[in-house]
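These notes are about the structure you will find just below.
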Amino acid sequence: MTAPLDPGALSPDQARSLFRAGLRVPTSGWCSGWTQANLIAVPREYAFDLLLFAQRNPGPCPVLDVTEPGETAAPLFAGDLRTDLPGYVVYEHGEPVAEVGDVTAYWREDLVSFLIGCSFTFEDALREAGVPVRHIEQGCNVPMYRTNRMCRRAGEFGGPLVVSMRPIPAAQVADAVRVTARYPSVHGAPVHVGDPVELGIDDLSAPDFGDPVEIRVDEIPVFWACGVTPQAAVMASRPKLAIGHAPGHMAITDARDSRYLVP
Numbered sequence: 000m001t002a003p004l005d006p007g008a009l010s011p012d013q014a015r016s017l018f019r020a021g022l023r024v025p026t027s028g029w030c031s032g033w034t035q036a037n038l039i040a041v042p043r044e045y046a047f048d049l050l051l052f053a054q055r056n057p058g059p060c061p062v063l064d065v066t067e068p069g070e071t072a073a074p075l076f077a078g079d080l081r082t083d084l085p086g087y088v089v090y091e092h093g094e095p096v097a098e099v100g101d102v103t104a105y106w107r108e109d110l111v112s113f114l115i116g117c118s119f120t121f122e123d124a125l126r127e128a129g130v131p132v133r134h135i136e137q138g139c140n141v142p143m144y145r146t147n148r149m150c151r152r153a154g155e156f157g158g159p160l161v162v163s164m165r166p167i168p169a170a171q172v173a174d175a176v177r178v179t180a181r182y183p184s185v186h187g188a189p190v191h192v193g194d195p196v197e198l199g200i201d202d203l204s205a206p207d208f209g210d211p212v213e214i215r216v217d218e219i220p221v222f223w224a225c226g227v228t229p230q231a232a233v234m235a236s237r238p239k240l241a242i243g244h245a246p247g248h249m250a251i252t253d254a255r256d257s258r259y260l261v262p
């Protein structure tokens with residue numbers, strides 16, 4: 000199955016139908032104007048600790064919605080959380096054991112799902128401001144990196160901050176900061192601008208998640224907190240089971256981007 004020519008014109012329901020039918024693609028640039036979200040689901044016994052982890056680390060883990068145990072939909076997501084994302088990662092004791100397009104076989108009635116804000120939500124606003132978004136230009140996934148900054152621990156969960164990176168022309172960095180700062184519920188302003196070594200990132204061409212992108216001579220790497228951080232915490236903390244989205248393969252919700260825009 001191939002992606003539509005204009006995925007930005009699709010409704011969330013149309014996109015979810017394609018993913019349910021087997022399409023596997025990163026979702027940056029899809030469903031223009033509709034909010035995208037990270038998914039992390041854990042057994043009920045870990046849910047409070049994960050909620051506390053998110054509360055203590057709101058930059059990378061802004062919670063948009065939380066389900067009751069076993070629920071497969073949410074007020075923000077009218078589809079099926081088990082089938083309607085384009086990709087999932089299943090973890091057992093912190094180890095990825097499956098990368099699949101349908102997690103129905105792994106689902107349990109005690110799973111609590113968290114929808115976490117995603118920086119894809121503010122990419123339309125960046126492009127409207129004339130700021131380039133390189134991974135969309137190149138038709139690939141956004142690069143994501145583990146950093147040397149540790150999140151504040153909460154119960155069972157602790158681990159490193161994960162960041163996404165977008166190369167921005169030096170003259171437009173201030174614009175990128177201004178635009179994204181107005182979306183605090185989907186990571187907001189960058190956490191770092193410039194030298195990646197300060198984040199413990201040695202090689203921008205080798206992201207931990209996603210794809211490398213071209214960085215041009217006049218561009219500066221700009222880093223935003225990333226909603227893959229809870230999955231890094233799962234890998235570090237090793238709960239018996241967790242299900243997350245495949246990085247960059249998001250839950251496309253029924254909420255408008257404007258809902259998270261601060262005037």
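Note that numbering that gives the first Met the number 0 has the sequence shown beginning at 0, numbered continuously upward.
Don't be surprised by glycine CBs; every beta carbon is placed ideally from N, CA and C.
- For serine 184, the three-state secondary structure derived from DSSP is helix.
- If you ignore the 5 residues before and after aspartate 256, its C-beta comes within less than 6 Å of the C-beta of Gly32, Thr34 and Thr120, all in its own chain and listed in chain order.
- Cβ-Cβ distances below 8 Å link arginine 126 to Val132 and Ile135 in the same chain, with the five nearest sequence neighbours on each side left out; the list follows chain order.
- The closest CA to that of cysteine 117, considering only Ser204, Gly187, Gly154 and Arg107, is found on Gly187.
- Remark: C-beta atoms of tyrosine 144 and valine 172 do not approach each other more closely than 8 Å.
- For the options Val261, Pro262 and Ala241, the alpha carbon positioned closest to that of glutamate 44 is the one of Ala241.
- Just measuring C-alpha positions, the residue of Glu155, Ser16, Val196 and Val190 sitting nearest histidine 92 is Glu155.
- The alpha-carbon separation between glutamate 108 and proline 68 amounts to approximately 6 Å.
- DSSP lists Arg255 as the bridge partner or partners of tryptophan 33.
- Secondary structure of proline 95 (DSSP, three-state): strand.
- In the same chain as glycine 209, and ignoring 5 residues on each side of it, the C-beta atoms closer than 7 Å to its own belong to Asn140, Val141, Pro142, Met143, Pro246 and Gly247, in chain order.
- Between asparagine 147 and glycine 199, the CB-CB gap stays under 8 Å.
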